[in-house]
Amino acid sequence: MIGIFDSGIGGLTVVRAIMDELPGYDIIYFGDTARTPYGTKSGKTVIEYSLQNTEFLIKQGAKMIIMACNTASSVATESLKKRFNLPIYEVITPAVNRSLKETKKSIIGVIGTRATISSGIYEKKIKEQNPDARVYSAACPLLVPLVEEGWLKKPETRMIVKKYLHPLKTRQIDTLILGCTHYPILKSIIQHKIGKRVRVISSSTAVAKQIRDFLSSSPEIDRKLSKNGQSEFFVSDLTPQFEKTAKSVIRQHIQLKHVSL
Ligand code: DGL
Numbered sequence: 013m014i015g016i017f018d019s020g021i022g023g024l025t026v027v028r029a030i031m032d033e034l035p036g037y038d039i040i041y042f043g044d045t046a047r048t049p050y051g052t053k054s055g056k057t058v059i060e061y062s063l064q065n066t067e068f069l070i071k072q073g074a075k076m077i078i079m080a081c082n083t084a085s086s087v088a089t090e091s092l093k094k095r096f097n098l099p100i101y102e103v104i105t106p107a108v109n110r111s112l113k114e115t116k117k118s119i120i121g122v123i124g125t126r127a128t129i130s131s132g133i134y135e136k137k138i139k140e141q142n143p144d145a146r147v148y149s150a151a152c153p154l155l156v157p158l159v160e161e162g163w164l165k166k167p168e169t170r171m172i173v174k175k176y177l178h179p180l181k182t183r184q185i186d187t188l189i190l191g192c193t194h195y196p197i198l199k200s201i202i203q204h205k206i207g208k209r210v211r212v213i214s215s216s217t218a219v220a221k222q223i224r225d226f227l228s229s230s231p232e233i234d235r236k237l238s239k240n241g242q243s244e245f246f247v248s249d250l251t252p253q254f255e256k257t258a259k260s261v262i263r264q265h266i267q268l269k270h271v272s273l
């Protein structure tokens with residue numbers, strides 16, 4: 013089983029992408045809805061939650077972990093790799109690699125939670141590969157609650173997206189990384205507001221493609237992953253609103269189970 017976790021709904025965009033890239037692979041998901049959002053919390057807290065989430069997924073039989081959360085990926089990757097002896101995937105490197113392939117002018121925008129943006133990890137990883145790249149970042153703390161609330165088509169959401177993207181637009185970026193797994197759910201609004209000439213890269217689809225390539229070249233790990241087309245979804249708090257948004261993201265019927273860690 014592939015174990016995937018996030019603070020809430022955002023990681024389901026990674027689940028969807030994995031289902032598209034690796035159909036038939038068994039998936040176990042944990043959304044930490046009782047403790048969402050992660051993006052406004054301290055690194056120490058996010059590390060602690062990420063360790064607990066991973067432990068839970070391993071107990072359920074996960075043989076590989078995807079941290080489907082940029083916030084957790086930016087602060088907790090090292091701690092998880094130190095603690096657990098199985099492949100651990102974060103979502104930042106695949107998005108960085110993709111953006112460097114797509115950009116023509118090497119002017120890249122990044123949006124994410126406050127924790128992800130203030131970690132500076134995207135800028136660091138982009139510049140490691142291309143020191144001449146110009147990277148402009150914007151924290152968008154209101155977008156996660158808007159998505160969790162299901163305000164996906166409201167005029168207020170459009171207005172807020174426009175305001176957040178304005179400084180990046182004036183920098184003439186040609187590529188924009190959605191550095192939060194919640195944001196692909198707002199992709200059409202984001203694309204509309206940033207302009208159609210800007211390539212919008214989702215960390216969710218980027219990680220799914222990277223894992224597909226990794227598994228095809230690592231048969232010893234691929235063999236450990238069961239492939240019965242089954243998926244299980246756990247959350248730490250279950251509300252009707254979450255259920256509704258979750259189904260629209262996964263685009264199929266899913267049953268959510270409540271669990272306390
Ligand atoms: N979806 C997450 C991310 O990619 C977490 C957002 C949050 O909980 O603040 O950062």
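With the working numbering applied, the sequence shown covers 13 to 273.
Think of the CB as a built atom: it goes at the ideal place given N, C-alpha and C, for glycine as much as any other residue.
- Residue burial is scored here from C-beta neighbours: residue 97 has fewer than 16 other C-beta atoms within 10 angstroms and is therefore classed as exposed.
- Inclusion of residue 83 in the 7 Å shell around the ligand DGL follows from its C-beta lying nearer than that to a non-hydrogen atom of the ligand.
- Distance from the C-beta of residue 50 to the nearest heavy atom of the ligand DGL is below 7 Å.
- In the three-state DSSP reduction, residue 187 falls in the strand class (E or B).
- Where residue 199 is concerned, the enclosing alpha helix (DSSP H) starts and stops at 199 to 206.
- Counting only runs that start and end inside the stretch 102 to 133, the beta strand (DSSP E) elements of at least 3 residues fall at 119 to 124.
- The C-alpha of residue 70 is placed about 42 Å away from the C-alpha of residue 209.
- For residue 28, the enclosing alpha helix (DSSP H) begins and ends at 23 to 33.
- Judged by beta-carbon spacing, residue 108 lies beyond the 8 Å limit of residue 148, meaning their Cβ atoms are not closer than that value.
- With three or more CB-CB distances shorter than 8 Å, the stretch 83 to 90 counts as touching the stretch 36 to 55.
- Membership of residue 260 in the alpha helix (DSSP H) is indicated by the continuous run 252 to 262.
- Non-local C-beta neighbours of residue 246 in its own chain, meaning closer than 6 Å and more than five positions away in sequence, comprise 42, 269, 271, ordered along the chain.
- Annotated three-state conformation of residue 232 is helix, per DSSP.
- For residue 17, the enclosing beta strand (DSSP E) stretches over residues 14 to 18.
- The Cβ-Cβ distance between residue 32 and residue 220 falls below 8 Å.
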